[in-house]
Each structure stands twice: as structure tokens, then as C-alpha cells.
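Taking it in order: structure first as C-alpha cells, then the write-up.
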Amino acid sequence: DAKTTQPPSMDCAEGRAANLPCNHSTISGNEYVYWYRQIHSQGPQYIIHGLKNNETNEMASLIITEDRKSSTLILPHATLRDTAVYYCIVRRTTTSGTYKYIFGTGTRLKVLA
Amino acid sequence: NAGVMQNPRHLVRRRGQEARLRCSPMKGHSHVYWYRQLPEEGLKFMVYLQKENIIDESGMPKERFSAEFPKEGPSILRIQQVVRGDSAAYFCASSPPGFGGNEQYFGPGTRLTVT
Chain A
45 DAKTTQPPSM DCAEGRAANL PCNHSTISGN EYVYWYRQIH SQGPQYIIHG LKNNETNEMA
105 SLIITEDRKS STLILPHATL RDTAVYYCIV RRTTTSGTYK YIFGTGTRLK VLA
Chain B
224 NAGVMQNPRH LVRRRGQEAR LRCSPMKGHS HVYWYRQLPE EGLKFMVYLQ KENIIDESGM
284 PKERFSAEFP KEGPSILRIQ QVVRGDSAAY FCASSPPGFG GNEQYFGPGT RLTVT
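What follows is the structure in C-alpha cells.
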């Protein structure tokens with residue numbers, strides 16, 4: 045299974061950009077990178093996903109390196125409510141053609157006032 | 224449009240009892256996934272179901288655990304003869320029809336405590 049590696053924790057000042065890195069050096073060509081976050085042990089919340097190109101939505105931007113071995117999630121203006129555990133996930137296609145999320149241990153982001 | 228619903232939110236069982244966890248997917252979703260999360264760890268995939276079919280159960284323990292998603296009603300994760308090591312948060316997710324769908328939408332989880 046494609047494995048992701050993330051720093052265990054990061055701090056970010058409120059109002060500043062939070063850049064969360066993820067290493068997925070064993071990713072296969074057809075595997076997507078997804079980002080979710082989990083606030084206070086609630087159910088994970090979808091943020092963004094991508095395959096090769098950089099992506100942006102109302103929550104965040106996703107930058108994927110050209111070799112696809114790593115990516116960075118960018119929260120452009122972090123707020124206190126962005127304090128959460130952020131998971132970088134590789135969506136693996138199984139031999140039967142279905143999808144499976146492989147979660148890592150995540151990065152605990154603390155946004156500081 | 225209600226989100227994914229799980230009940231109960233908290234469940235306490237004594238060792239040896241059975242635990243039944245329910246998951247109602249989002250309206251229109253036909254794919255259900257179950258995950259387990261131990262304290263301070265990420266989510267671990269357990270099983271993927273479509274209506275009346277188990278598609279992938281590669282993450283399910285071979286004994287005591289079973290899952291179903293009947294034609295009518297919620298998906299059920301059943302743990303027989305619970306042990307203390309089963310204490311965890313169990314999350315259900317759903318996704319729309321199509322081959323696996325895109326993003327998964329997670330429920331609030333059921334926290335199982337085995338005493």
C-alpha cells in the first residue's frame with residue numbers, strides 16, 4: 045500500500061498561511077492524493093484532492109510535485125477553527141477496481157492566536 | 224440533505240457482549256465504508272460495502288467482526304464477544320454511486336468502550 049509520511053505536529057500563527065507537507069514516494073500513477081481533517085475527534089472532513097495538477101478550492105490549495113512523490117496542503121489564512129489533525133491520504137485502486145483510503149498518522153496543526 | 228448518521232454515538236459493553244453499530248449513509252449514496260480509530264492513531268480501513276454486497280473486507284478481523292448493508296435500512300457493523308482491545312472509535316463513510324465514487328463523507332463516529 046502506498047504510504048504517506050507527515051510531520052506529527054505543526055504550529056501556525058492565526059492569519060498566516062499554513063503549509064502542511066506530505067511525502068508519498070511510493071504512490072502509483074493512478075493513485076489520487078486526498079486531504080481530510082479531523083477536529084476534536086469528530087468524523088474526518090474532506091478538504092481537497094488531486095492527481096497531478098495543482099488544485100484550489102474555497103478551503104485550501106494542493107500543490108503536487110512533478111514527480112508526485114510529495115505534496116503540500118496550503119491553508120491560505122489560518123484561523124483558530126483550523127486547529128485539527130490533517131491527514132494526507134492516498135486513494136488506492138484495488139485489484140477489483142474499487143477504491144480504498146490509506147490513512148497515515150496525520151499532522152496535528154495548532155493555530156495560535 | 225442530512226449527512227451520514229451513526230448511532231449510538233457512545234456504546235459501553237462488558238467483555239463478552241455483542242456490539243451493534245449502525246450507519247445510515249447520505250441520501251442517494253450506495254457505498255458504505257467502515258473505519259476503526261484507536262486513540263492517537265489514524266483511521267484504519269475495515270470494510271467496504273454496497274447494497275447487499277461486501278466488496279472489500281480486507282481490513283476486517285477474521286473473527287468476531289461482521290458487516291452488512293441490507294437492501295433496506297442502515298449498514299450494521301457487528302462485533303461479537305467484545306474484548307477490551309475493541310475499544311475504539313468506529314467511523315462510517317459513504318460515497319455516491321459510480322465506481323467507488325469520489326470523496327467519502329464521514330459520520331460522527333461511535334465510541335465503543337469495553338469494560
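Protein chains in written order, with the numbering used here: chain A, 45 to 157; chain B, 224 to 338.
Where is the CB? At the ideal position from N, CA and C, for every residue including glycine.
Quick caveat: nothing in here was measured; it's all calculated off a predicted structure.
To the nearest angstrom, report how far apart residue 268 (chain B) and residue 123 (chain A) are at their CA atoms.
For the purposes of this step, residue 268 (chain B) is taken as the residue at position 45 of the second sequence. For the purposes of this step, residue 123 (chain A) is taken as the residue at position 79 of the first sequence. Spanning the two alpha carbons is a distance of roughly 30 Å.
Nearest to residue 90 (chain A) by alpha carbon, out of A:117, A:111, A:110, A:71?
As a working mapping, residue 90 (chain A) is identified with position 46 in the first sequence. Of the listed residues, the one whose Cα sits closest to residue 90 (chain A) is A:117.
With distances taken Cα to Cα, identify the nearest neighbour of residue 136 (chain A) among A:149, A:70, A:119.
Along the first sequence, read from residue 1 onward, the residue named residue 136 (chain A) stands at position 92. Among A:149, A:70, A:119, the Cα nearest to that of residue 136 (chain A) belongs to A:70.
Judging by CA-CA distance, which residue of B:328, B:232, B:334 is the nearest neighbour of residue 254 (chain B)?
What you label residue 254 (chain B) is simply residue 31 of the second sequence in a count that begins at 1. Put simply, of B:328, B:232, B:334 the residue whose alpha carbon is nearest the alpha carbon of residue 254 (chain B) is B:328.
For residue 85 (chain A), go through chain B and note every residue whose CB falls closer than 7 Å to its CB, in chain order.
Counting from 1 along the first sequence, the entry for residue 85 (chain A) is found at position 41. Those within 7 Å of residue 85 (chain A) in chain B are 312.
By the 10 Å Cβ neighbour count, where 16 or more other Cβ atoms means buried, how is residue 83 (chain A) classified, buried or exposed?
Within the first sequence, the letter at position 39 stands for residue 83 (chain A). Classification for residue 83 (chain A): exposed.
Three-state class that DSSP yields for residue 261 (chain B) in the structure shown
The residue you call residue 261 (chain B) lines up with position 38 of the second sequence. Here residue 261 (chain B) sits in coil by DSSP.
What did DSSP end up calling residue 279 (chain B) once you bin it into helix, strand or coil?
The count along the second sequence starts at 1 and reaches residue 279 (chain B) at position 56. In this structure, residue 279 (chain B) counts as strand in the three-state DSSP scheme.
Could you tell me whether the Cβ of residue 278 (chain B) comes closer than 8 Å to any Cβ of chain A?
Along the second sequence, one-based indexing puts residue 278 (chain B) at 55. Yes, residue 278 (chain B) lies at the interface with chain A (some Cβ there is under 8 Å from its Cβ).
Do we get a CB-CB distance below 8 Å when we pair residue 323 (chain B) with the residues of chain A?
Translated into positions along the second sequence, residue 323 (chain B) becomes position 100. Any reading at residue 323 (chain B) must be qualified, since the residue scores a pLDDT of 48, below 50, and its modelled position is unreliable; the value itself is stated next. It does; some Cβ of chain A falls within 8 Å.
Starting from residue 233 (chain B), trace the beta strand (DSSP E) both ways and give me its first and last residue.
Counting from 1 along the second sequence, the entry for residue 233 (chain B) is found at position 10. From DSSP, the beta strand (DSSP E) with residue 233 (chain B) extends over 233-236.
Please work out which residues of its chain come closer than 6 Å, Cβ to Cβ, to residue 271 (chain B), disregarding the five sequence neighbours upstream and downstream, and give them in chain order.
Looking up residue 271 (chain B) in the second sequence gives position 48. In its chain, beyond the 5 residues on either side, 256, 278, 279 have a beta carbon closer than 6 Å to the beta carbon of residue 271 (chain B).
Taking CB distances under 8 Å as the criterion, tell me whether residue 73 (chain A) reaches chain B.
Walking along the first sequence from the start, residue 73 (chain A) turns up at place 29. No, no contact with chain B.
Do you know whose CA, among A:62, A:98, A:157, A:103, lies nearest residue 111 (chain A)'s CA?
Counting from 1 along the first sequence, the entry for residue 111 (chain A) is found at position 67. Residue A:98 is the option with its Cα nearest to residue 111 (chain A).
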